[in-house]
Amino acid sequence: MQVPELLQRVGQVLLPGDEFRLDQEDNISLTEVSRPSRAVCGPGLRRSGARLLVCKSGVLRHKAPNVFWIDSQQKRYVPAKGETVIGIVTAKAGDIFKVDVGGSEQASLSYLAFEGATKRNRPNVQVGDLVFAQFVVANKDMEPELVCMDSSGRANGMGVFGSGGLLFTVSLGLVRRLLSPLSELRSDLEQLFPCELVVGMNGRLWVRSCSVQQTLIVANLLQSSDSMTAPQRKELFRKVQQGAL
Amino acid sequence: MADSVKLSKNLLRMKFMQRCLDADTKKLLEEEERRIISDEHWYLDLPELKARENVVVEEQSFVPCEELRFGRMSFRGFNPEVEKLMVLLNPRAEGEEEEDEEQRRKMQADVTDEEMAQRYQALVGSMKKKFAKKRERAAMDEDNGVAMETGTKRTFMKPQD
Numbered sequence: 001m002q003v004p005e006l007l008q009r010v011g012q013v014l015l016p017g018d019e020f021r022l023d024q025e026d027n028i029s030l031t032e033v034s035r036p037s038r039a040v041c042g043p044g045l046r047r048s049g050a051r052l053l054v055c056k057s058g059v060l061r062h063k064a065p066n067v068f069w070i071d072s073q074q075k076r077y078v079p080a081k082g083e084t085v086i087g088i089v090t091a092k093a094g095d096i097f098k099v100d101v102g103g104s105e106q107a108s109l110s111y112l113a114f115e116g117a118t119k120r121n122r123p124n125v126q127v128g129d130l131v132f133a134q135f136v137v138a139n140k141d142m143e144p145e146l147v148c149m150d151s152s153g154r155a156n157g158m159g160v161f162g163s164g165g166l167l168f169t170v171s172l173g174l175v176r177r178l179l180s181p182l183s184e185l186r187s188d189l190e191q192l193f194p195c196e197l198v199v200g201m202n203g204r205l206w207v208r209s210c211s212v213q214q215t216l217i218v219a220n221l222l223q224s225s226d227s228m229t230a231p232q233r234k235e236l237f238r239k240v241q242q243g244a245l
Numbered sequence: 001m002a003d004s005v006k007l008s009k010n011l012l013r014m015k016f017m018q019r020c021l022d023a024d025t026k027k028l029l030e031e032e033e034r035r036i037i038s039d040e041h042w043y044l045d046l047p048e049l050k051a052r053e054n055v056v057v058e059e060q061s062f063v064p065c066e067e068l069r070f071g072r073m074s075f076r077g078f079n080p081e082v083e084k085l086m087v088l089l090n091p092r093a094e095g096e097e098e099e100d101e102e103q104r105r106k107m108q109a110d111v112t113d114e115e116m117a118q119r120y121q122a123l124v125g126s127m128k129k130k131f132a133k134k135r136e137r138a139a140m141d142e143d144n145g146v147a148m149e150t151g152t153k154r155t156f157m158k159p160q161d
């Protein structure tokens with residue numbers, strides 16, 4: 001298996017073009033119990049025949065038992081199936097809405113893909129509205145397709161949103177830092193003031209708080225924390241908590 | 001007579017001739033047809049494709065890799081609806097899970113196993129009655145001492161003025 005070779009490189013920087021061989025054992029050993037260990041290669045890694053190619057520059061990460069991916073910084077969003085994003089409705093075209101998600105192509109969103117929508121009962125979506133939606137089709141050959149409900153037909157927080165808030169764009173890395181399970185950034189933010197956040201995997205953030213001033217403060221803090229170390233950020237958050245309130 | 005006049009194969013294969021053919025000629029014709037078809041089929045002269053087991057699964061998204069949370073959040077009760085969703089959709093951290101376990105244990109202690117057993121014991125009789133037939137039910141009632149009552153016949157008692 002390729003696992004030992006990859007495991008050695010975990011935590012190191014890999015560049016596009018690096019490759020690993022996926023050697024399968026041709027002879028099955030009689031003594032060992034053969035267990036088919038499947039590796040999952042996440043973003044930044046690509047399988048090509050019997051080779052595993054690196055296609056993004058970044059640090060190789062590993063999660064037990066067998067998940068590998070490249071942790072990279074980028075600003076261009078590439079749609080991926082199952083991710084939730086913030087989109088802006090740009091056009092109504094018959095049965096579908098065109099939605100700008102920041103990818104190379106606009107995504108399509110069917111008017112039936114909302115909770116409780118039927119042919120007779122159309123959802124109230126206008127051009128310019130923000131939608132929080134999930135990709136059901138996202139690959140390099142086809143137009144990406146969004147839906148605003150889960151597999152059981154429930155909205156679960158998706159759909160049209162965004163009155164009285166502020167939308168801005170941050171790097172994709174910051175979004176991932178905000179959403180990671182043990183995020184310090186999130187716990188810092190939690191202590192600041194009551195606010196609401198919608199985080200799209202495409203790097204768009206939407207913030208709403210009690211007043212316009214507080215909304216702007218949160219937005220500016222998040223934007224600036226993109227390029228800050230943890231102590232710097234903590235210091236800034238502490239200052240804001242004391243001064244601005 | 002039949003031997004002297006031979007019908008051609010093409011004629012025999014026609015639909016209206018199928019009825020009067022005997023089994024032998026039918027089989028013969030079918031075989032020939034099959035041979036012709038297999039001769040006309042062509043195939044690529046390629047080495048056999050070996051299906052190799054796919055040991056690598058490709059995943060385009062960071063979400064399952066880094067176990068990212070759901071993208072809506074609300075802090076300090078700003079939007080209670082979203083806070084409810086956060087509890088529902090986000091997998092619990094390990095510390096929280098332990099707390100949860102404790103709570104569950106406490107909740108279970110409300111009704112002990114013994115209480116439960118006693119309650120069900122009482123239920124057995126009434127459930128049995130429900131599923132029994134009419135005659136059986138009457139018999140059951142007698143066993144329980146209801147028979148005593150049925151012995152004394154009820155009569156109308158005239159009320160005193």
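Protein chains in written order, with UniProt numbering: chain A, 1 to 245; chain B, 1 to 161.
Backbone N, C-alpha and C define an ideal beta-carbon position, used for all residues, glycine too.
query                                                                                                                                                                      : result
How is residue 168/A classed by DSSP in three states: helix, strand or coil?                                                                                               : strand
In whole angstroms, give me the CA-to-CA distance for residue 195/A and residue 71/B.                                                                                      : 14 angstroms
Along the chain, where does the alpha helix (DSSP H) that runs through residue 234/A open and close?                                                                       : 230-243
Give the list of continuous alpha helix (DSSP H) stretches no shorter than 4 residues that lie fully inside the segment 193-233 of chain A.                                : 212-224
Please list the partners that residue 89/B has in chain A, where partner means a Cβ-to-Cβ separation under 8 angstroms.                                                    : 156, 157
Return yes when the Cβ of residue 107/A is within less than 8 angstroms of the Cβ of residue 99/A, no when it is not.                                                      : yes
Could you say which of 162/A, 183/A, 14/A, 118/A lies nearest to residue 248/A if we only look at CA atoms?                                                                : Lying before the first or after the last residue shown, residue 248/A is absent from chain A, which here runs from 1 to 245.
Leaving out five residues on either side along the sequence, give the residues of the same chain with a beta carbon under 7 angstroms from the beta carbon of residue 1/B. : The pLDDT assigned to residue 1/B is 47, lower than 50, so where the model puts this residue is not dependable, and the model offers no usable value.
Got a sec? Which residues, its chain only, sit under 7 angstroms from residue 164/A by beta carbon, not counting five neighbours each side?                                : 208
With a 10 Å radius around its C-beta and 16 neighbouring C-beta atoms as the bar for buried, classify residue 36/B as buried or exposed.                                   : exposed
By the 10 Å Cβ neighbour count, where 16 or more other Cβ atoms means buried, how is residue 61/B classified, buried or exposed?                                           : buried
Taking residue 215/A as the reference, which of 11/B, 78/B, 139/B, 68/B has the closest Cα?                                                                                : 78/B
Return the Cβ separation of residue 60/A and residue 12/A in integer angstroms, given the expectation that the two are a contact with Cβ distance under 8 angstroms.       : 6 angstroms
Less than 8 angstroms between CB atoms is the rule here; does residue 72/B satisfy it with respect to chain A?                                                             : yes
Put residue 25/B into one of helix, strand or coil per three-state DSSP.                                                                                                   : helix
On the DSSP bridge assignment, give the partners of residue 39/A in chain order.                                                                                           : 56/B
Quick check: the Cα distance between residue 212/A and residue 192/A, rounded to an integer number of angstroms?                                                           : 15 angstroms
Below 8 angstroms on the Cβ atoms is my guess for residue 155/A versus residue 87/A; work out the distance and round it to an integer in Å.                                : Their Cβ separation, rounded to whole angstroms, is 15 angstroms, which puts residue 155/A and residue 87/A out of contact at 8 angstroms.
According to the neighbour-count rule (16 or more other Cβ atoms, all chains shown, within 10 Å of its Cβ), is residue 59/B buried or exposed?                             : buried
Residues of chain A with a CB under 9 angstroms from the CB of residue 58/B: which are they?                                                                               : 40, 41, 42, 45, 46, 47
What number of angstroms, rounded off, separates the C-alpha of residue 126/B from the C-alpha of residue 153/B?                                                           : 26 angstroms
Rounding to the nearest angstrom, what Cα-Cα distance links residue 184/A and residue 190/A in this structure?                                                             : 10 angstroms
So residue 149/A and residue 97/A are supposed to be a Cβ contact under 8 angstroms. How far apart are they, rounded?                                                      : Not really, about 14 angstroms apart at Cβ, beyond 8 angstroms.
Residues in the same chain with beta-carbon distance under 6 angstroms from residue 145/A, minus the five sequence neighbours each way, listed in chain order, please.     : 108, 136, 137
With 8 angstroms set as the bound, which would you pick, yes or no: does the beta-carbon of residue 180/A sit closer than that to a beta-carbon of chain B?                : yes
Quick one, which of 173/A, 128/A, 200/A, 241/A has its alpha-carbon nearest residue 225/A's?                                                                               : 173/A
Would you identify the three-state DSSP class for residue 15/B, choosing helix, strand or coil?                                                                            : helix
Which first and last residues belong to the beta strand (DSSP E) in which residue 68/A is found?                                                                           : 67-71
Mapping the DSSP letters down to three states, classify residue 92/A as helix, strand or coil.                                                                             : strand
What did DSSP end up calling residue 147/B once you bin it into helix, strand or coil?                                                                                     : In this predicted model, residue 147/B has a pLDDT of only 49, less than 50, meaning its place in the structure is not dependable; the value taken from the coordinates is given anyway. Of the three classes helix, strand and coil, the one that applies to residue 147/B here is helix, per DSSP.
Is it buried or exposed for residue 11/B, if we count other Cβ within 10 angstroms and need 16 for buried?                                                                 : exposed
Mind checking which residues open and close the beta strand (DSSP E) that includes residue 66/B?                                                                           : Careful: residue 66/B lies outside any beta strand (DSSP E), inside the alpha helix (DSSP H) at 62-66.
Measure from the C-beta of residue 52/A to each C-beta in chain B and report whether the shortest distance is under 8 angstroms.                                           : yes
From which residue to which residue does the alpha helix (DSSP H) around residue 131/B run?                                                                                : 113-131
Using a beta-carbon distance cut-off of less than 9 angstroms, what residues from the segment 82-108 of chain A approach chain B?                                          : 82, 83, 84, 85, 86
Taking Cβ-Cβ distances shorter than 9 angstroms, what residues in chain A pair up with residue 66/B?                                                                       : 42, 61, 63, 69, 71, 176, 179, 180, 181
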